[in-house]
Amino acid sequence: MTRPSLLGRLISEDYPRNRVLAGLLIIAFVGLALAPFLFPGTRPLSVATRICIFILLAASYDVVLGYTGIVSFGHAMFFGFGAYGVAIMLARGWVGWDAMAIGLAAALALSAAVAALIGLISLRVKAIFFSMMTLAVASFALILATQMRDLTGGEDGLTFRLPPALMPSFRLVAEPLFGVRIDGRILTYYLIFGTSLAFFLLLLRIVNSPFGRVLQAIRENEFRAEALGFSVVLHRTLAGVIGACVATIAGALLAIALRYNGPAASMSFEIMVDSILLMAVIGGMGTLYGPLIGAVLIVLAQYYLQPGMEILSSALSGFPVLPALFHPDRWLLWLGVLFVTIVYFFPSGVVGRLRALSASRPARSA
Amino acid sequence: MASLAPILETRDLTVRFGGHVAVDGVTCSFEPGTLTAIVGPNGAGKTTYFNLISGQLRATAGAVLFKGEDVTALTPDRRARLGMGRAFQLTNLFPNLSVFENVRLAAQARRGGRLDLLSMASSHRDLADKANDYLARVSLTEKASFAAASLSHGDQRKLEVALLIALEPDIFMFDEPTAGMSVDEAPVILDLIEAIKSQRRKTVLLVEHKMDVVRRLADRVIVLHNGRLVADGEPAAVVASPIVQEAYLGVRQTGAAHV
Ligand SMILES: Nc1ncnc2c1ncn2[C@@H]1O[C@H](COP(=O)(O)OP(=O)(O)O)[C@@H](O)[C@H]1O
Ligand SMILES: [Mg+2]
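So this is what it looks like as structure tokens:
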């Protein structure tokens, strides 16, 4: 057995194992790595930013749900903690990298503590009650975030400035590079892209480590995993803490991207259901490439489905019924149709389906 | 054999399900390096006795001592890490993982569940080699990449046994390992158990119905009936004893007998 290549080690030998998937991953990577140059403009850059953040968020959720089999509806809470951690510090007027770091560290500590507590409780209650409990805890956090106005800015949230290098007016170099001005916006994008990439690769390593294999074993047969000597409490709790902490980092990135945070932006149930859950399910759980593909698809749909339908609707203006059917206000309906179709035809998600097509045998992992 | 300190002991071990006493005050000790067969009719409490020893069930009363330590209050994973290994009567695998990965996990568990989050599982060649070695021993090499759930019943039984031997415990607990296997599949498993026994370093508890197997492998036989230990002794004597004949015929009898 030869030592795997550098790329192999970077992706922890979790190869796509399907040509279409490999192609999609390369397109996503190149597209995101060069986004400011390939798709200049403010809107494409915010789309690319959001994709990076949600890839990390959905991947962190997959560690919990897809790998360990813990059905939690509280994941957006940790995302919110990260966003509030940064926002609360910077909104006090202390605009510095140190303030951001302290805010993030405090948020990470809170997330880890709450996730550990939830993990320990999960052993005492049945699965369905556990899921409901995560919902209750997340609702409580959301209420706190909206009520504690002095700290969080209530419903309105908090707007703040970033360290100068990340502000749009900042210029790294005087001359444009390939026709693009390298300003604070671009630096912010690469900060987010780099952080997301690094933590995505870290998660990929964790799920492919001996620890990650035990998580899969617990998902498959908790009883037998325990009989082999693996502590279900320890593994489950640690998986929950890791998922929560990475979601917190994604939340901090969101606050940086928006220079704003509020309950609807990071903590709401729309984030949990319309984004996190949808991305994991559509992309395919139990493989981190699933939520990656899911995040790309969903964010693109969120941004471009409505305008796309606008064009389609006006193009069909001569026909009866059709313009109304494709009216931009119906975009949620079509997102729903897309969701149901994918779940119906690909119960294991896009990635699960692709890998199954290439697999000679029906085993989930090597 | 000189009386060594027992590796495993149960004292007045009892479990009650509502009014039904499934294991009823079983006191018994097992010497290291021996193979003890546990026999008794269906519903006698053999599997339940195993569940109490390996911790899947909590005892209503009594104690389990392993290597001199009281483990009655410990969870199954703690007991496994101390060196107890268990194969299940009803096959109990990781269904969507490959056959190879099932055994690799057991080999990994052998290391005591130490946390390792940052190395690649695939880089631990020793575990892979071990897994392949154990798969070969139960003749499942060709099916290594199959999902466990896709195996035939007989192959799943073999995999169940491979998981236990890959765990390399100090005490092996087999619960009807060859039940439902075809005549040509069973010898693979029985030869493996015999190999473990002949090393004389490991202790084996074997629940088995076939008396020829019991006679061939066991150093000692204990009989459970209605949750009680009703006979204990040399295989030939126990198997021939009226109490076993009665127990297997389900005739009412009283008291424990030592043959
Ligand atoms: N979890 C349980 N709840 C209720 N009764 C049980 C449970 N487990 C086993 N029993 C009962 O205990 C008795 C012994 O079962 P078992 O140990 O499986 O027998 P054996 O393995 O000797 O065939 C049976 O009557 C069975 O129905
Ligand atoms: Mg039984």
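Sequences listed follow chains H and Z, in order.
For the first sequence, counting from 1, position 338 maps to 338 in my numbering; every step adds exactly one.
For the second sequence, counting from 1, position 235 maps to 1235 in my numbering; every step adds exactly one.
A virtual CB, placed ideally from N, CA and C, is assigned to each residue, including glycine.
Buried/exposed call for residue i, threshold 16 Cβ in 10 Å
i, result
"GLY157 of chain H", "buried"
"ARG221 of chain H", "Here residue 221 of chain H turns out to be Asn, not Arg, going by the sequence shown. With 16 or more other Cβ atoms within 10 Å, it is buried."
"LEU1151 of chain Z", "buried"
"PRO347 of chain H", "exposed"
"VAL125 of chain H", "exposed"
"PHE199 of chain H", "buried"
"TYR367 of chain H", "Past the boundaries of the shown model lies residue 367 of chain H; chain H is included only from 1 to 366, so the question cannot be answered."
"GLU1142 of chain Z", "exposed"
"ARG1252 of chain Z", "Summary for ARG1252 of chain Z: the model assigns pLDDT 46, below 50, so the residue's position carries little reliability; its value from the coordinates is reported in the next sentence. It is exposed - the Cβ of ARG1252 of chain Z has fewer than 16 other Cβ atoms within 10 Å."
"MET148 of chain H", "exposed"
"ILE298 of chain H", "buried"
Rounded C-alpha distance that separates residue i from residue j
i, j, result
"GLY80 of chain H", "MET100 of chain H", "15 Å"
"HIS1258 of chain Z", "ALA1231 of chain Z", "Unreliable positioning characterises HIS1258 of chain Z in this predicted model, as indicated by a pLDDT of 45, which lies under 50. A coordinate reading is not provided."
"ARG181 of chain H", "ALA359 of chain H", "46 Å"
"SER1145 of chain Z", "LEU172 of chain H", "53 Å"
"VAL408 of chain H", "VAL95 of chain H", "Past the boundaries of the shown model lies residue 408 of chain H; chain H is included only from 1 to 366, so the question cannot be answered."
"PRO323 of chain H", "VAL1103 of chain Z", "58 Å"
"ARG1200 of chain Z", "GLY1033 of chain Z", "5 Å"
"ASP98 of chain H", "PHE160 of chain H", "15 Å"
"ALA1106 of chain Z", "PHE1172 of chain Z", "14 Å"
"LEU32 of chain H", "VAL296 of chain H", "10 Å"
"GLY318 of chain H", "LEU203 of chain H", "51 Å"
"ARG305 of chain H", "ALA106 of chain H", "It should be noted that the sequence gives Leu, not Arg, for residue 305 of chain H. In a straight line, the C-alpha of LEU305 of chain H is about 38 Å away from that of ALA106 of chain H."
"ASP1116 of chain Z", "ILE218 of chain H", "16 Å"
"PRO4 of chain H", "ALA127 of chain H", "40 Å"
"LEU278 of chain H", "LEU335 of chain H", "10 Å"
"LEU288 of chain H", "ASN18 of chain H", "14 Å"
"VAL337 of chain H", "LEU357 of chain H", "24 Å"
"LEU333 of chain H", "PRO320 of chain H", "19 Å"
"VAL1138 of chain Z", "LEU1159 of chain Z", "7 Å"
"ARG213 of chain H", "LEU228 of chain H", "13 Å"
"LEU108 of chain H", "ILE242 of chain H", "10 Å"
"ARG1086 of chain Z", "ASP1126 of chain Z", "23 Å"
"ARG224 of chain H", "VAL20 of chain H", "36 Å"
"PHE326 of chain H", "SER169 of chain H", "40 Å"
Residue j beta carbon less than 7 Å from that of residue i
i, j, result
"THR248 of chain H", "ALA116 of chain H", "no"
"GLY74 of chain H", "ALA138 of chain H", "yes"
"VAL64 of chain H", "SER131 of chain H", "no"
"LYS1046 of chain Z", "LEU1224 of chain Z", "yes"
"GLY1083 of chain Z", "ASP1170 of chain Z", "yes"
"LEU1093 of chain Z", "ALA1148 of chain Z", "yes"
"VAL1161 of chain Z", "ILE1189 of chain Z", "yes"
"GLU13 of chain H", "PRO1076 of chain Z", "no"
"LEU45 of chain H", "TYR189 of chain H", "yes"
"ASN261 of chain H", "ALA145 of chain H", "no"
"GLU1208 of chain Z", "ALA1037 of chain Z", "yes"
"THR1015 of chain Z", "LEU1052 of chain Z", "Note that residue 1015 of chain Z corresponds to Val in the displayed sequence, not to Thr. Contact: yes."
"SER266 of chain H", "GLY283 of chain H", "no"
"ALA257 of chain H", "THR42 of chain H", "no"
"ARG1110 of chain Z", "LEU1167 of chain Z", "yes"
"ASP150 of chain H", "PRO291 of chain H", "no"
"PRO1242 of chain Z", "ALA1218 of chain Z", "no"
Beta bridge counterpart(s) of residue i as assigned by DSSP
i, result
"ILE1171 of chain Z", "Z:MET1084 and Z:THR1203"
"VAL1260 of chain Z", "Absent from the model: residue 1260 of chain Z. The displayed extent of chain Z is 1001 to 1259, so no value can be given."
"ASN261 of chain H", "H:LEU158"
"HIS1020 of chain Z", "Z:PHE1017"
"GLU1069 of chain Z", "Z:PHE1066"
"VAL180 of chain H", "H:LEU177"
"PHE1030 of chain Z", "Z:LEU1008"
"ALA1061 of chain Z", "Z:THR1014"
"ARG171 of chain H", "H:ASP183"
Nearest neighbour of residue i, chosen from the options [CA to CA]
i, options, result
"LEU166 of chain H", "H:ALA255, H:GLU310 and H:LEU197", "H:ALA255"
"ALA244 of chain H", "H:PHE211, H:ALA112 and H:GLY290", "H:ALA112"
"LEU1164 of chain Z", "Z:GLU1069, Z:HIS1209 and Z:SER1054", "Z:SER1054"
"THR1010 of chain Z", "Z:LEU1004, Z:GLY1233, Z:VAL1023 and Z:ARG1016", "Z:VAL1023"
"THR1027 of chain Z", "Z:MET1211, Z:ARG1228, Z:ALA1240 and Z:VAL1161", "Z:ARG1228"
"GLN302 of chain H", "H:PRO328, H:GLY286, H:LEU21 and H:ARG3", "H:PRO328"
"ILE118 of chain H", "H:GLY240, H:PHE326, H:LEU333 and H:ILE186", "H:GLY240"
"LEU1065 of chain Z", "Z:ARG1079, Z:THR1091 and Z:MET1181", "Z:ARG1079"
"LEU110 of chain H", "H:PRO176, H:LEU90, H:GLY352 and H:ALA141", "H:ALA141"
"THR134 of chain H", "H:ALA174, H:TRP331, H:MET272 and H:VAL340", "H:MET272"
"VAL207 of chain H", "Z:THR1036, Z:LEU1118, Z:ASN1051 and Z:ALA1073", "Z:LEU1118"
"CYS52 of chain H", "H:PRO307, H:VAL351, H:LEU300 and H:GLY284", "H:LEU300"
"GLY286 of chain H", "H:GLY179, H:LEU6, H:GLY93 and H:TYR67", "H:TYR67"
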